[in-house]
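Read in our numbering, the sequence shown has 137 at position 69, and its numbers run on one by one without any break.
Before any comments, here is the structure.
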Amino acid sequence: MLKSLRKYIIAIFIMLTAVFTASAQAMTATYIELGVPNIDSSFKSYMDYRCITNTSSPQYRYISRWGWSDWDGFMRCDAERDLGIESDYYLIAMGSYYGTEIGTKYRITTDTGNVFYGVLADCKANCDTNITHQYSHNNDVIEFIVDSSCLDRNVKLFGSANVYMPLNGKIVSVEKIIFSEV
């Protein structure tokens, strides 16, 4: 009786595996280079997530649902490890040149070889950016959203996330990540 029950369970398992495998959609990540301005983009500003106060805004909802603070005070959200993105995303703000849809994801590379991932959790106002809306008046392409109550003390001291070694360097590449079914 145990042998027939075991065969029955194995048969059900195989059928369920076949059904779930057939219905699962494989996803892939494609990277689209967006270009960077020819400026010294090493300055990286930050703002506290509590500055976003409109509870009905997409920014507030995204941060409330997905955001969490890492040990050094940078707001983050989980990476798609199953798609090969191993580092959690930093919550960032950028000019409209790079997009305005909250939740858009990016791979950013610096001239020091650092590669980090960001997700658009806020947008810089066009009036606060250059004519192409790529960077603000202090040449920052990326503004990090942080929890200032536990922000790395060197970042606070220098006023720029550039002193935080995983983010150090001039930005040389901003790539938008597009996820699609295979």
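C-beta: ideal position from N, C-alpha, C; glycine also.
DSSP places residue 113 in the uninterrupted beta strand (DSSP E) bounded by 113–116.
Residue 229 and residue 246 have their C-alpha atoms some 26 Å from each other. Residue state for residue 219 is assigned as coil, using DSSP reduced to three classes. When rounded, the separation of the alpha-carbon atoms in residue 156 and residue 193 is 26 Å.
Here DSSP, grouped into helix, strand and coil, assigns residue 139 to coil. Residue 244 sits in a strand when the DSSP states are folded into three classes.
Secondary structure of residue 102 (DSSP, three-state): coil.
Within the model, the alpha-carbon separation for residue 167 versus residue 117 is close to 20 Å.
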